[in-house]
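In what follows, a single structure is set out as structure tokens and then discussed.
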Amino acid sequence: MSLTFTHETLPQRVVFAAHEMRERLPAEVARLGSRPMVISTRDDVLPGAAHFREVVMHVPADVAGRARGAAAAEDVDVLVSVGGGSATGLAKAVALTTGLPIVAVPTTYAGSEATDVWGMTENGHKTTGSDRRVLPRTVVYDPSLTLTLPVDLSVASGLNALAHCVDSMWAPRADPINQALAVEGVRALSGGLPAIVRQPQDLHGRELTLYGAHLAAVAFASAGSGLHHKICHVLGGMFGLPHAQTHAVVLPYVMELNARGVPDRLADAFGPGGLARLRAEVGAPRALRDHGFREQDIPAAVEAILPVVPAGNPVPVTAGNLTALLRRAWAGEEPR
Ligand SMILES: NC(=O)C1=CN([C@@H]2O[C@H](COP(=O)(O)OP(=O)(O)OC[C@H]3O[C@@H](n4cnc5c(N)ncnc54)[C@H](O)[C@@H]3O)[C@@H](O)[C@H]2O)C=CC1
Ligand SMILES: O=C(O)/C=C\C(=O)CC(=O)O
1079 MSLTFTHETL PQRVVFAAHE MRERLPAEVA RLGSRPMVIS TRDDVLPGAA HFREVVMHVP
1139 ADVAGRARGA AAAEDVDVLV SVGGGSATGL AKAVALTTGL PIVAVPTTYA GSEATDVWGM
1199 TENGHKTTGS DRRVLPRTVV YDPSLTLTLP VDLSVASGLN ALAHCVDSMW APRADPINQA
1259 LAVEGVRALS GGLPAIVRQP QDLHGRELTL YGAHLAAVAF ASAGSGLHHK ICHVLGGMFG
1319 LPHAQTHAVV LPYVMELNAR GVPDRLADAF GPGGLARLRA EVGAPRALRD HGFREQDIPA
1379 AVEAILPVVP AGNPVPVTAG NLTALLRRAW AGEEPR
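In this text, residue positions in the sequence shown follow this note's numbering: the first is 1079, and each later residue adds one.
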């Protein structure tokens, strides 16, 4: 790769401290405002603050409308999201139209807290965009909050993070800086996820995975959406598939298609056996048919994905190879 590039780093304050969310959050919120609204299904955050509890995956537009209405009615001046990508995504939908700052407290490994990407779904169509207003100003990472995330969800979510890293290799704005972050993200996630599976209540694996998830999201936000994210975005928005599991299933098939675009240092970061070994070790989700995708939906998915395939993908994407990819992912055939 040429060392001629233009890279932009997104400005964000990051606090990373296990078991310290309750202690740290009030001061972090106070830096940005005095009338917070919590967006979370949890009831144990900032007692007495305004609270919006209706969190739904892929941010339905009507839910976003109600959250914006609540923020206006309560005259809030700062949003506090506590939860997975769905809670963060709802806070982003409010910030997009109000410009309110967000303090994000993630409880999964999805990484939305470190990106300026928003998404919203209406009539079975998910629209995404990037806008600096939705980038959380501050993230409070407390890995102990992920101890309650069940192992299967932790694995799927961690593989969502891994997909951010891998797709950063060939995404439209891939550059040496975001690729370096992605490679280090793969290293952390490849160590952290097996540790979670071995000992879900041990903080070490949780810390490593959340750290990897942050690096992954920073890399993804910088590099943009590659082929993998474009595919999963259509599958999630059009067919309502669960986000993390969809990423976890599709990733090895995109790597198979784009094999020539996988740099050696990424392969090295996975360690011996690569992604195949990691997937086996953590019991990764294997087939889209287990998550609500139907074989007869493949042609419609192909039709929706082809026009959004990013320029510069390492191999040309055709109706033929995309259909084959989705069929193999649907059936859960062994990736090559
Ligand atoms: N804009 C961006 O940059 C990104 C956006 N996303 C968006 O985020 C959404 C998916 O986020 P996810 O985190 O995968 O799912 P999620 O936020 O929907 O959470 C999945 C499930 O896990 C539960 N949960 C969350 N944290 C938990 C914990 N610590 N303990 C126990 N249960 C817990 C939730 O209540 C929910 O039932 C999608 O809409 C996706 O598009 C995901 C990644 C990046
Ligand atoms: O697909 C991802 O993991 C990353 C970005 C999004 O999900 C964007 C969104 O739809 O919120």
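In this text, a Cβ means the ideal position worked out from N, Cα and C, and glycines have one as well. Nothing here was measured: the structure is a model prediction, and the numbers come from that model.
Residue state for TYR1331 is assigned as helix, using DSSP reduced to three classes.
Using a 10 angstroms sphere on the CB of SER1159, the tally of other CB atoms reaches 16 or more, which defines it as buried. Taking the CA atoms as reference points, VAL1217 sits about 32 Å from ARG1364. For PRO1125, the closest C-alpha among the options VAL1134, MET1115, LEU1213 is that of MET1115. Checking the 7 Å criterion, the Cβ of GLY1161 is within range of a heavy atom belonging to ligand 1. The beta carbon of GLU1191 sits closer than 6 Å to the beta carbons of THR1166, ALA1182, PRO1184, PRO1214, VAL1217 from its chain, once the five residues preceding and following it are set aside; these are given in chain order.
Each residue's CA atom was taken as its position, placing LEU1168 and ALA1142 some 6 Å apart.
In chain order, ALA1273 place their CB closer than 7 Å to the CB of HIS1282, counting only its own chain and leaving out the 5 sequence neighbours on each side. Boundaries of the beta strand (DSSP E) around THR1206: 1203-1208.
For the 8 Å CB-CB criterion, GLY1304 and LEU1286 do not form a contact.
In the DSSP assignment, GLY1161 falls outside any alpha helix (DSSP H) and within the unbroken beta strand (DSSP E) covering 1156-1161. Taking a C-beta distance under 8 Å as the contact criterion, VAL1327 and ILE1383 do not qualify as a contact pair. Between SER1246 and ASN1238, the CB-CB gap reaches or exceeds 8 Å. Ranked by Cα distance from GLY1302, the first of ARG1144, GLY1207, ARG1414 is GLY1207. In this structure, GLY1207 has its CB at a distance of at least 7 Å from all heavy atoms of ligand 1.
Two segments are said to touch when three or more pairs of C-beta atoms, one from each, lie closer than 8 Å; by this definition the segment 1373-1381 does not touch the segment 1337-1349.
By the criterion of a C-beta distance shorter than 7 Å, TRP1408 is surrounded in its chain by ALA1365, LEU1366, ARG1367, PHE1371, GLU1373, ILE1376, once the five residues flanking it on both sides are discounted. Remark: the shortest separation between the CB of GLY1410 and any heavy atom of ligand 2 does not fall under 7 Å. Contact check for GLY1202 against THR1186 fails: the beta carbons are separated by 8 Å or more. The nearest non-hydrogen atom of ligand 1 is 7 Å or more from the C-beta of ALA1171. Taking 7 Å as the cut-off, one finds at least one heavy atom of ligand 1 near enough to the beta carbon of ALA1322.
If the five residues before and after PRO1179 are omitted, its C-beta is found closer than 6 Å to the C-beta atoms of LEU1110, VAL1156, ARG1215, all from its own chain and listed in chain order. Counting only the Cα atoms, THR1087 lies some 33 Å from ASP1140. Along the length of the segment 1357-1383, whole alpha helix (DSSP H) runs at least 4 residues long occupy 1376-1383, reported in chain order. In the DSSP assignment, THR1216 falls within the beta strand (DSSP E) that extends over 1216-1219.
Here ALA1295 is buried. Its C-beta has 16 or more other C-beta atoms within 10 Å. Beyond the five residues adjoining it in sequence on each side, ARG1265 comes within less than 6 Å, by CB distance, of ALA1347 in the same chain, given in chain order. C-alpha of ALA1108 to C-alpha of PRO1089: approximately 19 Å in a straight line. Looking at the backbone, the Cα of THR1199 and that of TYR1219 are separated by about 27 Å. Close CB contacts of ALA1252 within its chain, under the 7 Å cut and outside five residues either way in sequence, are with SER1246, ALA1301 (chain order). Excluding five sequence positions before and after LEU1288, the CB atoms of its chain that fall closer than 7 Å to its own CB belong to TYR1187, TYR1219, PRO1221, THR1224, given in chain order. The residues PHE1130, in chain order, have a CB closer than 6 Å to that of ALA1148 in the same chain once the five nearest residues on each side in sequence are set aside.
Rounded to whole angstroms, HIS1242 and HIS1097 show a C-alpha spacing of 26 Å. With a cutoff of 8 Å on beta-carbon distance, GLY1236 and LEU1271 are scored as near each other.
Placement of the Cβ of ALA1095 at a distance of 7 Å or more from every heavy atom of ligand 1 is found.
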